[in-house]
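Q: Residues 0 to 175 (numbering that gives the first Met the number 0) are what the sequence shown spells out, left to right.
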Amino acid sequence: MRIHLTKLLLPFLLGACGQASPPQHEKVENMPEAVAPAPENPELKYLHYEFDNYQLFSLKDTIREDFNGDGAADEAVFTTRNEKAGILITDGKTRKTTPIGLGQPFEEMGDDFSWVDYWGVTTDSLAYETIVEDSEVVGDSEIRLEHPAIFLRRYEVGGGLIAFRNGKFEWIHQAD
Ligand SMILES: [Ca+2]
């Protein structure tokens with residue numbers, strides 16, 4: 000490390016002694032190229048407490064997984080339609096699209112998913128569901144997942160899973 004620093008600083012030091020040349024601080028500051036960017040929110044570092052197997056995605060990314068278990072990879076994108084956010088899932092076999100949100104009501108979650116801060120996919124076979132009765136959290140129950148499920152979350156609040164169960168996409172609530 001020390002050798003690298005000296006190498007990078009050398010042209011600057013030489014330049015400072017001789018004729019005027021632009022400062023080269025940038026090179027030194029940019030040195031740790033191999034370091035991965037830090038997560039934008041500390042919460043993202045603790046996702047392994049929520050899921051054993053998961054992959055975090057940017058809301059601009061397409062998630063490709065076989066959500067319905069028919070052997071063909073499907074695609075999910077997070078998008079906006081008529082100023083309402085949601086998820087558009089395209090079946091890999093039939094190319095049929097299923098809007099979740101985007102102006103289409105989805106169970107108790109309404110028709111707009113603009114509250115989502117981040118999303119990803121989990122391949123866990125067990126998940127928990129928050130049981131809410133009359134706006135009160137009364138407990139958790141274990142849910143068996145047969146296929147990869149999409150998680151949608153808001154920082155410090157939670158969210159839920161979109162999982163293909165009983166022949167359709169269902170919401171599994173994971174928030175207080
Ligand atoms: Ca599929």
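Backbone N, C-alpha and C define an ideal beta-carbon position, used for all residues, glycine too.
The beta strand (DSSP E) spanning Glu-107 covers which residue range?
A: The count along the sequence shown starts at 1 and reaches residue 107 at position 108. Neither: Glu-107 is in no beta strand (DSSP E) and is coded neither H nor E.
Q: Could you check if Leu-58 is buried or exposed, using at least 16 other CB atoms within 10 Å of its CB as the buried criterion?
A: The residue you call residue 58 lines up with position 59 of the sequence shown. It is exposed - the Cβ of Leu-58 has fewer than 16 other Cβ atoms within 10 Å.
Q: Can you tell me where the beta strand (DSSP E) holding Pro-98 begins and where it ends?
A: Along the sequence shown, read from residue 1 onward, the residue named residue 98 stands at position 99. Its beta strand (DSSP E) spans residues 96–100.
Q: Are the beta-carbon atoms belonging to Asp-73 and Gly-102 less than 7 Å from one another?
A: Start at 1 with the first residue of the sequence shown, and residue 73 comes out as number 74. Start at 1 with the first residue of the sequence shown, and residue 102 comes out as number 103. Cβ distance not < 7 Å, so Asp-73 and Gly-102 don't count as in contact.
Q: Using a Cβ-Cβ distance under 7 Å, would Tyr-127 count as near chain D?
A: This model lacks chain D altogether, as it is built from one protein chain only.
Q: Report back the beta-carbon spacing between Gly-119 and Phe-56 to the nearest angstrom; my notes put them in contact at under 8 Å.
A: Locating residue 119 in the sequence shown gives position 120, where the first residue counts as 1. Locating residue 56 in the sequence shown gives position 57, where the first residue counts as 1. Indeed, because the Cβ distance is near 5 Å, the residues count as touching under 8 Å.
Q: Buried or exposed: where does Ala-174 fall if 16 or more other Cβ atoms within 10 Å of its Cβ makes it buried?
A: To locate residue 174, count along the sequence shown from 1; it is residue 175. By the 10 Å Cβ count, Ala-174 comes out exposed.
Q: Rounded C-beta distance between Phe-112 and Ile-86? I'm assuming under 8 Å.
A: Mapped onto the sequence shown, residue 112 falls at position 113. Mapped onto the sequence shown, residue 86 falls at position 87. Indeed, because the Cβ distance is near 7 Å, the residues count as touching under 8 Å.
Q: Just to confirm, is the Cβ distance from Gly-159 to Ile-171 under 7 Å?
A: Here the question's residue 159 lines up with position 160 in the sequence shown. Here the question's residue 171 lines up with position 172 in the sequence shown. Yes, Cβ-Cβ distance for Gly-159 and Ile-171 is below 7 Å.
Q: Under the assumption that Pro-147 contacts Asp-69 (Cβ atoms under 8 Å), give the Cβ distance between them as a whole number of angstroms.
A: Taking the sequence shown and counting its residues from 1, the one referred to as residue 147 is at position 148. Taking the sequence shown and counting its residues from 1, the one referred to as residue 69 is at position 70. That belief does not hold up - the Cβ atoms of Pro-147 and Asp-69 are roughly 13 Å apart, past 8 Å.
Q: Since I believe Ala-71 is in contact with Ile-62 (beta carbons under 8 Å), could you give me their beta-carbon distance rounded to a whole number of angstroms?
A: The residue given as residue 62 occupies position 63 in the sequence shown. The residue given as residue 71 occupies position 72 in the sequence shown. In this structure Ile-62 does not touch Ala-71 by the C-beta definition: roughly 15 Å separates them, more than the 8 Å allowed.
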